[in-house]
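Taking it in order: structure first as structure tokens, then the write-up.
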Amino acid sequence: MSAKLDDLVHKSYSSKPKYSEIMPGVPEDYKQLKTLGDLLKINYKHVTVEEQLRGNLIAKLKAGEHPYPGIIGYDDDVVPAVNRAILSGHDILLVGQIGQAKTKLAEAIAKNLLSPIPVVRGTVTSDIPTLVPEDHMAALLTGSEVVRTTPEFTVSRECEDIIRQDKLETKIDWVSGADRFKYILSTPDISVKDLVGQIDAIKIAKKGVELYSMESYSAGQLLQARHGILCIDELPVLDPRKQVALLSVLQEGRFTTGAYPVIFRPDVKIIATANPIDYTHSGKIIEPLFDRLRSHIDTHYPKTVEDEMMIMVQETRVADAKNVFLPVFVIKAVAKITQMTRAHSGVNHDKGVSVRMAVHSMEMMVGEAERARAIVHNIKAVPRFCDIHCIHQSSKFELAEMEDTRENRRGILDSVIDAALKEVSLEYVSKLAPEQISKMKAEFARNKEFQVSQVLPGGKKMEGDYESQLAKFPALRQAVSETVTAVKEEQKELVERAKELGIGTASIAAVDLNGELTAAVAEVILEGLRHTEPPLLDKKDNSYALSQ
């Protein structure tokens, strides 16, 4: 039996693979390979992380696929830079302000460009059994003593024990790239031991192992990220003494820990992030580490309103999507508010304004529509302009030119909201014929007012609802009806664009809205009539009336 096992191991290690690959290092029927014996029979050969990233990227580029689904607005600059870095085999430093999808991009690289790998079930250091040296594997399978001639870590002692016990029936799991993405948020209290591992006193006490035996070692972040990607967020925050621990990994692909006479090769790609202020501050990143992160890539905020909108549609979390509808003009208004805030002279541009402000504000608008109308009247939640001021509690930015107080931030945000609603509403009002404008003016000239309110439903549910009010303004109702038709076409274009990007469309696809979309559009037209030249309407409290 021992001779047969020795022969199986030798043939597997010394022979070419017996399989075709569907991805670098992935047999075409890999899901059917469930044990160590299955791997040995096909002469499985592991492919390094660098080869996986490069090979999978090349395959996607040849196929015309976007390598990083979900990354929006970076196609012309950041994505090509990342691709160059991966093809060059570089570790990466992403430099950008808060909310620029740096971590999301690192995660997308892991998810889409790392191949599945076979890992011994129950191990925490992604132990690939066929990386065990041939003589060690033969010894484990035959129950012989493992003779170690080099001080190099290949698999954990837990893995060896499992192989020694289960032999060829050792269970393996194919672990995806997404599950081999390890994230570290740099904080001052992270220790060198957290990164490289440490002698575990509890293991020594419980198992009675020797101090410098591998059984006493507990893996740190670097080894837990083995065969994957280690994302170190806000690298400059990491104490310089801890940064030193990364140098040998970046330079030589290996590290040691404390007095252990063992060399660890984690086979890991490091993607770090940094804020531009810290990046340029001397000493924040130690010079040797700064130099060894070979590709430095600048990120940025969405350059267009359309990109900001698509990110919002993708990232907004809606608890009950089938009962929510996000009108394109509301999404556009929130996107413009975010971009105008970002560009405002009074806002701290070094700190920036995260895309999360737009996403969280959209979520807040949905919650407000539910709170004010949808739950009470059992209708779909359709955000309107009258809900917009709820975003004060989700809008986060710092001021630069004036004292950074809540009152000053509120003042700036209110002015930005007014400017954004003006821009968006005029887009629709400008498409109305002059005769329609004149007719609406005549209607309001008869001392009529239109009441808007968060608590008023669109359809006939209560006195003063929008449908009942519109019946008293035939010209306004006609303008609203025409605009609803135009909005539905614009909404279809939004849905198609979302589908192209692989974004879910449940909350933006037009359905039967029981007058709620009509009510939301009515507010757009009324708001736009405030900003015509000269203004047709004034708004006082919640009423629109003829401008005096």
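According to the working numbering, the sequence shown is numbered sequentially starting from 885.
Even for Gly, the Cβ is constructed at its ideal location relative to N, Cα and C.
Give every residue of the same chain whose Cβ lies closer than 7 Å to the Cβ of residue i, excluding the five residues on either side of it in the sequence, and list them in chain order.
{"i": "ILE1392", "result": "VAL1197, LEU1210, GLN1375, LEU1378, VAL1379, ALA1382"}
{"i": "GLN1335", "result": "GLY1348, GLN1353, ASN1426, SER1427"}
{"i": "ALA994", "result": "GLY1061, ALA1062, ARG1064, PHE1065, GLY1112, ILE1113"}
{"i": "LYS1168", "result": "PRO1120, ASP1162"}
Looking only at C-alpha atoms, which of the options sits nearest to residue i?
{"i": "GLU1319", "options": "TYR1350, LEU1360, PRO1341", "result": "LEU1360"}
{"i": "ALA1258", "options": "PRO1341, TYR914, GLN936", "result": "PRO1341"}
{"i": "PRO951", "options": "ILE970, GLU935, ARG1290", "result": "ILE970"}
{"i": "GLN936", "options": "VAL1364, ILE1113, ILE1387", "result": "ILE1113"}
{"i": "VAL1408", "options": "VAL1004, PHE1328, GLU1366", "result": "GLU1366"}
{"i": "GLN1338", "options": "PRO1267, LYS1325, LEU1401, GLU1291", "result": "PRO1267"}
{"i": "LYS1345", "options": "HIS974, ASP1302, ASN1398, TYR928", "result": "ASN1398"}
{"i": "LYS1315", "options": "THR1416, PRO1186, GLU1333, THR1389", "result": "THR1416"}
{"i": "ALA1326", "options": "SER1040, LEU1430, GLN1082", "result": "LEU1430"}
{"i": "THR1038", "options": "PHE1148, PHE1213, LEU1106", "result": "PHE1148"}
{"i": "GLU934", "options": "VAL1003, ILE1275, ASP975", "result": "ASP975"}
{"i": "ALA943", "options": "SER1279, ILE906, ALA965", "result": "ILE906"}
{"i": "GLN1082", "options": "LEU1107, LYS1206, ASP1073", "result": "LEU1107"}
{"i": "PRO1035", "options": "ALA1394, THR1141, LYS888, GLU1285", "result": "THR1141"}
{"i": "ILE1296", "options": "ASP1045, PHE1139, ARG1226", "result": "ARG1226"}
{"i": "VAL1405", "options": "ALA1317, LEU998, VAL1364", "result": "VAL1364"}
{"i": "THR1389", "options": "ALA992, VAL1202, PRO1172", "result": "VAL1202"}
{"i": "PRO1145", "options": "LYS1424, ALA1109, PRO1160, TYR1101", "result": "TYR1101"}
What are the boundary residues of the beta strand (DSSP E) that residue i is part of?
{"i": "TYR1428", "result": "1427-1430"}
{"i": "SER1179", "result": "1179-1182"}
{"i": "ARG907", "result": "Per the sequence presented here, residue 907 reads as Met, with Arg not at that position. Start and end: 905-907."}
{"i": "LYS1423", "result": "1421-1424"}
{"i": "LEU1114", "result": "1113-1117"}
{"i": "TYR1067", "result": "1065-1069"}
{"i": "VAL979", "result": "976-979"}
{"i": "LYS1264", "result": "Note, LYS1264: premise wrong, no beta strand (DSSP E); not H, not E."}
{"i": "ALA1158", "result": "1153-1158"}
If we call anything under 7 Å between Cβ atoms a contact, is residue i one with residue j?
{"i": "ALA1217", "j": "VAL1300", "result": "no"}
{"i": "THR1009", "j": "ALA1103", "result": "yes"}
{"i": "TYR1163", "j": "CYS1115", "result": "no"}
{"i": "LEU1468", "j": "LEU1401", "result": "Residue 1468 lies beyond the stretch modelled for the chain, which goes from 885 to 1432, so this question has no answer here."}
{"i": "ASP1191", "j": "ILE956", "result": "yes"}
{"i": "PRO1000", "j": "VAL910", "result": "yes"}
{"i": "GLU1018", "j": "TYR914", "result": "no"}
{"i": "ARG1048", "j": "LEU1024", "result": "yes"}
{"i": "LYS988", "j": "GLY980", "result": "no"}
{"i": "PRO1124", "j": "ILE1074", "result": "no"}
Apart from the five residues just before and just after residue i, which ones in its own chain have a Cβ nearer than 6 Å to its Cβ?
{"i": "ARG1176", "result": "LEU1134, GLN1135"}
{"i": "THR932", "result": "ASP1151"}
{"i": "GLU1094", "result": "Low per-residue confidence applies at GLU1094: pLDDT is 47, beneath 50, and the placement is therefore not dependable, though the value from the model is reported in the following sentence. Closer than 6 Å at Cβ, skipping near neighbours: no residue."}
{"i": "HIS1020", "result": "VAL1030"}
{"i": "LYS900", "result": "none"}
{"i": "LYS902", "result": "ILE926, ASN927"}
{"i": "PRO953", "result": "GLY1386"}
{"i": "ILE1275", "result": "SER1245, MET1248"}
Let me check one thing: in DSSP terms, what residues is residue i bridge-paired to?
{"i": "SER1238", "result": "In the DSSP output, where bridge partners are listed per residue, SER1238 has none listed."}
{"i": "PHE1148", "result": "PHE1139"}
{"i": "SER1245", "result": "Paired residues: none, contrary to the question."}
{"i": "PRO1002", "result": "TRP1058"}
{"i": "SER1102", "result": "GLN1082"}
{"i": "PHE1334", "result": "TYR1428"}
{"i": "THR1435", "result": "As displayed, the chain neither begins before 885 nor continues past 1432, which places residue 1435 out of reach and without an answer."}
Can you give me the start and stop residues for the alpha helix (DSSP H) that residue i sits inside?
{"i": "ILE1195", "result": "1189-1199"}
{"i": "PRO1318", "result": "1318-1329"}
{"i": "LEU1107", "result": "1105-1108"}
{"i": "ILE942", "result": "933-947"}
{"i": "GLN1362", "result": "1358-1384"}
{"i": "GLY1412", "result": "1400-1414"}
{"i": "LEU1024", "result": "1018-1026"}
{"i": "PHE1213", "result": "1212-1227"}
{"i": "GLU1307", "result": "1290-1313"}
{"i": "ARG1041", "result": "1041-1050"}
{"i": "ALA887", "result": "886-898"}
{"i": "LEU1354", "result": "1350-1354"}
Below 8 Å CB to CB, which residues in the same chain sit around residue i once its five sequence neighbours on both sides are set aside?
{"i": "GLY1092", "result": "Only weak support is given to the placement of GLY1092: the predicted model assigns it a pLDDT of 49, under 50, and the question is left unresolved by the model."}
{"i": "GLU1053", "result": "THR919, LEU920, GLY921"}
{"i": "LEU924", "result": "LEU892, VAL893, SER896, THR1014, LEU1052"}
{"i": "CYS1433", "result": "This structure cannot settle anything about residue 1433, because the visible part of the chain is limited to 885 through 1432."}
{"i": "GLN1105", "result": "LYS1066, ILE1068, ASP1078, LEU1079, LEU1114"}
{"i": "ASN967", "result": "LEU941, LEU945, PRO951"}
{"i": "GLN1432", "result": "ASP1422"}
Chain C beta carbons: is any one of them nearer than 7 Å to that of residue i?
{"i": "ALA1390", "result": "No chain C appears in this structure, which consists of one protein chain only."}
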